[in-house]
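Each remark here refers to the structure printed beneath this line.
Chains as they are written, first to last, in our numbering: chain A, 544 to 850; chain B, 1474 to 1721.
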């Protein structure tokens, strides 16, 4: 018996006696965790075509045809790709004034978006219009803190969804911003805005209980404010089961994802990609979640700029 | 050496047994902002889906409705573009609502673009006013109008038409409306967008008063007004005439 085999056998026997559930982790866990690439946009604002080449700051940037090609390119490099949007799909170019969101939703369907949440401007042509445009969507709208009972959106959005990508089970929950004072009342109608933190936490806890490896929160709250208005920063710190918040509304181009400690002491990421589809956010996860680690110690995240 | 290694491994093994849980393995995340540039390849399926929409958009948006002899851009306290847009509100509201409007305002942040010298297209108007804001009218007392003026002057002055005043220490003074001094007891027909009359930009003082609303889009009013100027053989322009003077 060579030494290596001896050690391995001893380990197995010892572990089997001591803690049988550890064996799978210590001996079968690959050096790699589960792989997931999250691609994300926010506040695209009907920017279907690239900005015109008129010498302005964003000239030539963006456009759905180029974004679609970028996403297809990444699909050939990596497995387990999740594509999401954090709201304000609508409003900002004549496309929206004339077609009320039809080409925006069709483009997202062609690009293989897995889910999106609603931003305040998605109410701009009325809730009935948004509900109508969803006939062109092959992805769900997730938002857990708008009650759409007795509105045209009743039954057309859900608080969360679960997506399986290869061996990764992903829970996606959405949160929307307070509508009063931001969206004209005649546009949101009977929609009831509910407190986002407790609702997001409830959905996230459910998603974790269903065995999700990662819980992604699509948020249109805004990254942070000078006052105590609820934001992604506050949500991250007050959360328990959310792993990453894909944000929007404040049109910030994050140089790198922000890291916060949640109520359990685990690290949560927040990321946001400006607006207009000028950039596509990409997060490549090598995931060791609580379930994979099978312990209750706080989890940490190491961030690296992709090169 | 071999003996030593074995001992080390065993020591580690014993240590592992003593510890109830495995050492936490951190998740790693590699991040990137993938820039979508002009040079990026285009997806043919998406282009195909978009084509009928963009063809029709281009046809509508490229329609020329007038000519600008100057570059028109917004500026505080007064600009040719701000004057043009509020003149349009005053003229088009008077015609549409069958009243003689006294003054018109547009919130400075509501002007979203500029008009370069040359042919003016429908598309330019859409860029100027992408939101579906409506032109509405309220009958306001001089007293409320003064409150409104004080509020917007605090915020840094807004484009206006039909009214002329001087700003001293961020306060409106020497206010003339229709060429006559503001009378706090008199009622005036004031044109705004529905965004402002419903309390946008913290204009809560306007909320209590009835709003005349005909669903008239500000953008449609601009297109009609530009076409009107063109029919009259005039360029799309407005003079700078010291509607607002800053005197600190």
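The beta-carbon is built from N, C-alpha and C at its ideal position, and this holds for glycine as well.
Since the structure is predicted, the reported quantities are computational estimates derived from the model, not experimental observations.
| query | result |
| --- | --- |
| Contact with chain A by residue 1558 of chain B, beta-carbon distance below 7 Å | no |
| The segment 689-699 of chain A in contact with the segment 758-771 of chain A per 3-pair CB rule at 8 Å | no |
| Any 3 or more C-beta pairs closer than 8 Å across the segment 1657-1677 of chain B and the segment 1617-1636 of chain B | yes |
| Residue of A:738, A:729, A:737 and A:746 minimising C-alpha distance to residue 1668 of chain B | A:729 |
| Cross-chain neighbours of residue 793 of chain A in chain B, by beta carbon under 9 Å | Those do not exist, as residue 793 of chain A stays about 16 Å from chain B at its closest Cβ, beyond 9 Å. |
| Which residues DSSP lists as bridging residue 627 of chain A, in chain order | A:583 and A:658 |
| For residue 549 of chain A, the three-state DSSP class (helix, strand or coil) | A caution first: residue 549 of chain A carries a pLDDT of 46, below 50, which makes its placement in the model too unreliable to give a value. |
| Distance, residue 1589 of chain B Cα to residue 1556 of chain B Cα | 16 Å |
| Three-way DSSP call (helix, strand, coil) for residue 1638 of chain B in this model | strand |
| Distance CB(residue 716 of chain A)-CB(residue 680 of chain A) smaller than 7 Å | no |
| Beta carbon proximity, residue 1516 of chain B to chain A, threshold 7 Å | yes |
| Ranges of the beta strand (DSSP E) found wholly within the segment 762-819 of chain A, counting only runs of at least 3 | 787-789, 801-804 and 810-814 |
| Nonlocal neighbours in the same chain, by C-beta distance under 6 Å from residue 828 of chain A, ignoring five residues either side | 579 |
| Short CB-CB distance (under 7 Å) between residue 1506 of chain B and chain A | yes |
| Distance, residue 1586 of chain B Cα to residue 636 of chain A Cα | 12 Å |
| Alpha carbon of residue 1691 of chain B to alpha carbon of residue 1697 of chain B, nearest angstrom | 10 Å |
| DSSP state of residue 1587 of chain B mapped onto helix, strand, coil | coil |
| Best match in A:780, A:606 and A:590 for proximity to residue 804 of chain A [C-alpha to C-alpha] | A:780 |
| The segment 1628-1642 of chain B / the segment 1574-1585 of chain B touching (three or more Cβ pairs under 8 Å) | yes |
| CB contact flag (residue 1507 of chain B, residue 823 of chain A, <7 Å) | yes |
| Any C-beta of chain A under 7 Å from that of residue 1602 of chain B | no |
| Cα-Cα separation, residue 1536 of chain B to residue 1545 of chain B | 19 Å |
| Residue-level contact to chain B via CB, residue 665 of chain A, 7 Å cutoff | no |
| Separation of residue 768 of chain A from residue 1596 of chain B, as counted between CA atoms | 34 Å |
| Three-state class that DSSP yields for residue 1665 of chain B in the structure shown | strand |
| Heavy atom of the ligand FAD within 6 Å of residue 812 of chain A beta-carbon | The ligand FAD is not among the ligands present in this structure, which contains no ligands whatsoever. |
| Residue burial classification, residue 1725 of chain B (beta-carbon count within 10 angstroms, cutoff 16) | Past the edges of chain B, shown from 1474 to 1721, lies residue 1725 of chain B, and the structure says nothing about it. |
| Cβ neighbours of residue 1608 of chain B in the same chain (closer than 7 Å, five flanking residues each side left out) | 1562, 1565, 1566, 1664, 1666, 1689, 1691 and 1694 |
| Counted within 10 angstroms of its Cβ, other Cβ atoms place residue 658 of chain A as buried (16 or more) or exposed | buried |
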